[in-house]
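Residue numbers (my numbering): 22 to 232.
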């Protein structure tokens, strides 16, 4: 029983450390969730419809014409694009420049930095009102938000990655704060720990038999 507990803990830790396995878990759980709610009939609700109708309501307004629908769809796309762009531009700067104690220098005056943070807080609270209503209005507006989100995220992520170098060994050394070559890959360690005990012992015995 203890062996199986360790084996399960190793799998969970592997999915936590290796972001590729994390995404597999994410996609699997999303698929299971969609299948369950499909069986419950959730996909037959009015929320899952497209286009204008008498039941499509946004902040009390009935979106029953294509003119109203296009206006709201355009707002949904532009609002999501703007929010995602501002979030990707400002939130990393807040965390890595303003809040990180290791960063001792700032590019603007302290009053300017505080003003930027406060104005962003005001902006997010005001715009969240419209975002909440859009979120619960209809599935087509949610899809439009998703498309806008993915476009802006793709662009800003490329900007974040443009000066990065793929080197797992140096990455581990940087994260673990050790010299290059002395870092331990937790993913490989977890994979090794997931092997059956008999295989590990077999490998050790083979190593001992070598002259």
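Virtual Cβ for every residue (Gly too), placed ideally from N, Cα, C. None of these values were measured; they are calculated from a predicted model.
Item	Value
Looking at C-alpha atoms only, which residue of 91, 75 and 42 is the closest neighbour of residue 161?	91
Taking only three categories from DSSP, how would you classify residue 150?	helix
Identify the residues that DSSP records as bridge partners of residue 82: which are they?	79
Please find out if some non-hydrogen atom of the ligand MG comes closer than 6 Å to the beta-carbon of residue 189.	No copy of the ligand MG appears in this structure; indeed no ligand is present at all.
How many angstroms separate the CA atom of residue 141 from the CA atom of residue 23?	50 Å
State buried or exposed for residue 173, treating a residue as buried only when at least 16 other CB atoms are found within 10 Å of its CB.	buried
Can you say whether residue 79 is buried or exposed, counting buried as having 16 or more other CB atoms within 10 angstroms of its CB?	buried
Rounded to whole angstroms, what is the Cα-Cα separation between residue 33 and residue 183?	31 Å
At the level of alpha carbons, what is the spacing between residue 192 and residue 181?	16 Å
Could you tell me whether the stretch 138 to 152 touches the stretch 104 to 111, using the rule of 3 or more Cβ pairs below 8 Å?	yes
Helix, strand or coil: which one does DSSP assign to residue 128?	coil
Using a Cβ-Cβ cut-off of 6 Å (strictly less than) and excluding sequence neighbours within five positions of residue 71, which residues of its own chain qualify?	161
Take residue 48 and list the residues in its own chain whose beta-carbon comes closer than 6 Å to its own, dropping the five residues that flank it on each side.	none
Any chance you could list the alpha helix (DSSP H) runs of at least 4 consecutive residues sitting entirely within the stretch 130 to 194, in chain order?	131 to 156 and 160 to 182
If we cut at 7 Å on Cβ distances, does residue 177 have a partner in chain D?	The chain labelled as chain D is not found in the depicted structure, where only one protein chain is given.
Within 10 Å of its beta-carbon, does residue 41 have 16 or more other beta-carbons around it, so buried, or fewer, so exposed?	exposed
Is residue 107 helix, strand or coil by DSSP?	helix
Going straight from the alpha carbon of residue 85 to that of residue 194, what length do you get?	59 Å
Under the rule that 16 or more other beta-carbon atoms within 10 Å means buried, what is residue 159, buried or exposed?	buried
Tell me the rounded alpha-carbon separation between residue 152 and residue 130.	32 Å
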